[in-house]
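Peer 1: I have a structure here, written as structure tokens, and I will follow up with some questions on it.
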Amino acid sequence: MCGIVGYIGGQQATPVILEGLKKLEYRGYDSAGIATLSEGESATRRSEGKLVNLENLLREQPLTGTIGIGHTRWATHGRPSEINAHPHKAGHVIVVHNGIIENYLQLKEQLKQSGHIFKSETDTEVIAHLVEEKLKTEANFQKASRQALTELRGAYAVCILNEKEPGTLIAAKLGSPMVVGLGSEEYFVASDIPAILAHTREMVFMEDGEMVVFSNGEANFSTIAGSELKKTPRHIDWSPLMAEKGGYRHFMLKEIHEQPRAVRDTIAGRLLESEGDVYLEDLPFSDRQLAAVKRIVIIACGTSWHAALVGKFYLEGYCRIPVEVDIASEFRYRNPVIDESTLAIVISQSGETADTLAALREAKTRGAINMAICNVVDSSIARESAGVIYTHAGPEIGVASTKAFVTQLTALYLFTIRLGRATCSIDAPSGQRMIAALKKVPAMLEETLNLNDSVEKIAKKYMNARDFLYLGRGKNFPIALEGALKLKEISYIHAEGYPAGEMKHGPIALIDEDVPVVVLVPKNSAFDKTLSNMEEVIARGGRVIALCSEGDTEVGTRAETIIEIPNLNEDLDPLLLSVPLQLLAYHISVLKGTDVDQPRNLAKSVTVE
Ligand code: AGP
């Protein structure tokens, strides 16, 4: 789980690469490094910890050269340390790599027997030695690299330099993301679009098994096996500013505030109001195909899994088709029952989560009709799915997912309308009503964001608690799980989400005056039951923070603290309820001084198992 950046052109490579790495820090940040080539010699700077350490080192010991590669690391093989930081060098070959080389121990053994001496504990160093080894018998750098890459098992996005061929940069991909940016007489390679967006919007998305050789002002694409390829660039219209903090103290806060816009963009151009239907441009299924669906399986990880749990309520409730929700890392190994009448929906913000990608492949192998709900255009999951609903949240940089989540709920709701119309379980007037409600969401999210200051005060009151409980029923139970996950991720406070009715079967034993209990109790069909569960908590001395509907007269008389959300409806309340929970986690984290955007031990996109 790392980020790579490569540059070749007329500029000094180091600043280009460093800026690119900053945009990729969300992919991992335990160490970083850059290597450049100048006059046939390479120089490398690496440092443990965050990128700022490397930046300081480069200030003291600058690097020159117009060709270079850089890396920000999230350790898999070998502890976080300078010695394990990339780039890795063997002889004249220098490498950065994202992914895992599964046969590295075997290769390392063979290379050691041929006299190679290893300095790090990484799997990556094997790649550098292997290319160096191949160069002993094959002087052509390109050919030697192909030979080496063919022997690697596992996943990689790799950039390779050779001091003996100082005008060439080679990049290749198998299983890890890689995008190539085409500039004017210059080229960029990166793990993700924001790293190079400041320089070009013309991008080529590399597929598995592909390689690109940059030299003499040209980029030549081919398969790793050697067949030439013609790749068509895509114009990416994200502005670099969209990926910046936009004046907010943290990306997470900016992204929380972007939610009205994100939902607006996700529904834009998709509503067929008079027909009570929606148009999903990248979903190539006919009504007949959709009507043949007998069962739905939704598969995801983390926050995306919480969205899936809400989706089950939407799809079963309106379309009357059984829905199973699975965690991707479980699904892929449990021999799931899937056939041609099963619709597999994978949900992923990044579109690169290894477990979700593997689950998608598993479902496809078993013949499922498949689709993705995805934020990152042309990501692996989006590319490999038969259909996709893009969430249009824009780049999400904060490790804690916020705007991606509410747009995933939006996409699930849109798909429910589409499926319901295709299967005739939703008639046109009902579809129209659903659309009318959905259209209110952006404005209501804006209203909900006005809670920011009051939630900050609440955060001050409860920030020293050691444990939190989050309770909700029905569609709001996944929101309780999501609220607890947000708090855990960024404030490091232990938190658990529970179905409110399940409390009395055990967790109620945890309640005392030290445990704040966040109860989601908006006016809905489960209101009375949830209120009773809240009373059970209060009776045992629990301190309740209740999220209720605006104007509610009952909850406020019982709970210690209330947060009122605008009145919308039972289906869409989960989107509004998410906002104060995100803000609560955010402010507690800021007050505790933890790293909001890059919490410890986490990475934005989990591209390893
Ligand atoms: C959410 O705040 C997380 N950091 C994490 O749970 C995330 O949702 C999960 O890793 C799935 O990522 P994806 O949506 O990119 O597949």
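Be aware that the sequence shown starts at 52, since it is given in the numbering used here, and climbs by one per residue. Quick reminder that beta carbons are idealized off the backbone N, C-alpha and C, glycines included.
Got a sec, what are the start and stop residues for the alpha helix (DSSP H) V647 sits in?
Peer 2: Taken as a continuous stretch (DSSP letters only), V647 belongs to no alpha helix (DSSP H), as it is neither H nor E.
Peer 1: At a cut-off of 7 Å, would you count V400 as near the ligand AGP, judging by its Cβ distance to the nearest heavy atom?
Peer 2: This sequence places Gln at residue 400; Val is not what is there. Checking the Cβ of Q400 against the ligand AGP gives yes.
Peer 1: Among L331, P446, A222 and S656, which residue has its Cα nearest to the Cα of E309?
Peer 2: Selected option, being the one with the closest Cα: P446.
Peer 1: Tell me whether the beta-carbon of I55 lies closer than 8 Å to the beta-carbon of V659.
Peer 2: For I55 and V659, no; Cβs fall outside 8 Å.
Peer 1: Buried or exposed for N527, going by 16 or more other Cβ atoms inside 10 Å?
Peer 2: When all chains shown are included, N527 counts as buried.
Peer 1: Taking only the alpha-carbon atoms, compute the straight-line gap between E540 and T404 and give it to the nearest angstrom.
Peer 2: Computed Cα separation, rounded: 18 Å.
Peer 1: When every heavy atom of the ligand FAD is checked, does at least one fall within less than 7 Å of the C-beta of C53?
Peer 2: For the ligand FAD, the structure offers nothing, since it holds only the ligand AGP.
Peer 1: Mind checking whether C410 and A444 have CB atoms under 8 Å apart?
Peer 2: According to the sequence shown, residue 410 is Ala rather than Cys. Not in contact: A410 and A444 (Cβ atoms no closer than 8 Å).
Peer 1: Are the CB atoms of S171 and H122 nearer to each other than 8 Å?
Peer 2: No.
Peer 1: The beta strand (DSSP E) with V27 in it runs from where to where?
Peer 2: As shown, the chain starts at 52 and ends at 660. That puts residue 27 outside it, with no answer to give.
Peer 1: Taking Y637 as part of the alpha helix (DSSP H), name the residues at either end of that continuous run.
Peer 2: Where Y637 is concerned, the enclosing alpha helix (DSSP H) stretches over D624 to K643.
Peer 1: Counting pairs of beta carbons, one from the segment 585-593 and one from the segment 491-504, are three or more of them closer than 8 Å?
Peer 2: Result no; under three Cβ-Cβ pairs closer than 8 Å.
Peer 1: Classify N527 as helix, strand or coil using the three-state DSSP reduction.
Peer 2: If DSSP states are grouped into helix, strand and coil, N527 belongs with the helices.
Peer 1: How about the segment 189-202 and the segment 87-102: do they share at least three Cβ pairs that are nearer than 8 Å?
Peer 2: Touching, no, given that fewer than three Cβ pairs across the two stretches are closer than 8 Å.
Peer 1: State the DSSP-derived secondary structure class of V182, mapped to helix, strand or coil.
Peer 2: In the structure shown, V182 sits in a helix (DSSP, three-state: H, G or I).
Peer 1: If contacts are defined as beta-carbon pairs under 8 Å, then G57 and T87 qualify, I think. What distance do you get, rounded to the angstrom?
Peer 2: Contact doesn't hold; Cβ gap of about 11 Å is too wide.
Peer 1: For the beta strand (DSSP E) holding R472, just list the boundary residues, first then last.
Peer 2: Not the beta strand (DSSP E): R472 falls in the alpha helix (DSSP H), residues K454 to A473.
Peer 1: Do L538 and V568 have their C-beta atoms within less than 8 Å of each other?
Peer 2: Taking 8 Å as the Cβ cut-off, L538 and V568 do not qualify as a contacting pair.
Peer 1: Quick check on K187: does DSSP put it in helix, strand or coil?
Peer 2: K187: helix per DSSP, three-state reduction.
Peer 1: Using the C-alpha atoms, what's the distance from G353 back to A249?
Peer 2: About 30 Å.
Peer 1: Mind checking which residues open and close the beta strand (DSSP E) that includes V374?
Peer 2: V374 to I378 is the span of the beta strand (DSSP E), which, as asked, contains V374.
Peer 1: Closer than 7 Å by C-beta to N575: which residues in its own chain qualify, once you throw out the five before and the five after it? Chain order, please.
Peer 2: Cβ neighbours of N575 beyond the five flanking positions: E621 and D624.
Peer 1: Please list the terminal residues of the continuous alpha helix (DSSP H) segment that includes L571.
Peer 2: Not the alpha helix (DSSP H): L571 falls in the beta strand (DSSP E), residues P567 to V572.
Peer 1: I need the straight-line Cα distance from T219 to V209, nearest angstrom please.
Peer 2: One C-alpha to the other measures close to 14 Å.
Peer 1: Excluding five sequence neighbours on each side, which residues of the same chain lie with their C-beta closer than 6 Å to the C-beta of I424?
Peer 2: If we look at I424 and ignore the five residues flanking it on each side, its Cβ neighbours are I398, I440, Q459 and A462.
Peer 1: State buried or exposed for V67, treating a residue as buried only when at least 16 other CB atoms are found within 10 Å of its CB.
Peer 2: It counts as buried.
Peer 1: Just the C-alpha distance for P131 and T453, rounded to the nearest angstrom, thanks.
Peer 2: One C-alpha to the other measures close to 28 Å.
Peer 1: Going by the DSSP bridge assignment, what does H545 pair with across the sheet?
Peer 2: Beta-bridge pairing links H545 to D518.
Peer 1: Under 8 Å by Cβ, that's how I've got G116 and A64 pegged, so tell me the actual separation to the nearest angstrom.
Peer 2: Yes, they are in contact, since the Cβ atoms of G116 and A64 sit about 6 Å apart, within 8 Å.
Peer 1: Leaving aside the five residues before and after V427 along the sequence, list all residues of the same chain whose C-beta is less than 6 Å from its C-beta, in chain order.
Peer 2: Result list for V427: S401 and G402, in chain order.
Peer 1: Does the distance from the C-beta atom of H712 to that of E533 stay below 8 Å?
Peer 2: One cannot answer for residue 712 here, as it falls past the ends of the chain, which runs 52 to 660.
Peer 1: Please list the segments of the alpha helix (DSSP H) lying wholly inside the segment 347-431, counting only runs of 4 or more residues, in order along the chain.
Peer 2: Counting only runs of 4 or more, we get 353-370, 379-382 and 405-416.
Peer 1: Indicate whether the contact test is met: 3 or more Cβ pairs, each with one atom in the segment 315-327 and one in the segment 462-481, closer than 8 Å.
Peer 2: Yes, the segment 315-327 touches the segment 462-481.
Peer 1: Please report the Cβ distance between G732 and R472, rounded to the nearest whole angstrom; I am assuming they are in contact, meaning their Cβ atoms lie under 8 Å.
Peer 2: The question about residue 732 has no answer, for the chain in this structure spans 52 to 660.
Peer 1: Taking the alpha-carbon positions, what's the I347 to E375 distance?
Peer 2: Those two C-alpha atoms are separated by around 6 Å.
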